[in-house]
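So our numbering is basically just the index in the sequence shown, starting at one, shifted up by 17.
Idealized CB from N, CA, C, for every residue including glycine.
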Amino acid sequence: MLEGFDYCFIYPKDDAQAVHIRLLTGPYVDTIYKYGKVKFEEKNDEMHLLFQYDVLESKVDKPKKLEKDLAFKNYIGDLLVEIMGSNIDEEVIDETGTSDINQPDLQ
């Protein structure tokens, strides 16, 4: 997925520490959500990515249903992996998505 084509970042004015994501293409177009805590966990010699998220807005009749939708979770999980990989490639190394270690952590 490509930033600016498949998704974009939204920086809410009322929460300087948050970053929301709007999906621009695919089955969840115009859905806006944000990631919560993200961590890696090893199970049975395999590494798993665990993350929390909140759906903020969607064209889906009941957006909160997406928070229990496994297909949606896998979709945004794949995007999270891409974003994290891109940050590594660009040497963005902290959890706030910047190289500024003094910037507060995102919630």
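Distance CB(residue i)-CB(residue j) smaller than 7 Å
i     : j     : result
Tyr70 : Tyr92 : no
Phe68 : Val55 : yes
Asp23 : Thr48 : no
Leu83 : Val98 : no
Backbone secondary structure at residue i - three-state DSSP
i      : result
Gly43  : coil
Tyr70  : strand
Asp122 : Low confidence applies here, because Asp122 scores a pLDDT of 44, under 50, leaving its location unreliable; read the following figure in that light. Note: Asp122 maps to coil in three-state DSSP.
Phe132 : Residue 132 lies beyond the stretch modelled for the chain, which goes from 18 to 124, so this question has no answer here.
Met18  : coil
Closest residue to residue i among the options (Cα-Cα distance)
i     : options                 : result
Phe89 : Glu63, Val46 and Met101 : Val46
Leu28 : Phe22, Leu67 and Arg39  : First, the residue type needs correcting, since residue 28 is Tyr and not Leu in the sequence shown. Of the listed residues, the one whose Cα sits closest to Tyr28 is Arg39.
Pro44 : Gly53, Asp86 and Val36  : Asp86
Leu66 : Ser75, Tyr52 and Glu74  : Tyr52
Cys25 : Asp31, Lys79 and Val36  : Val36
Limits of the unbroken beta strand (DSSP E) element including residue i
i     : result
Lys56 : Ile49 to Lys60
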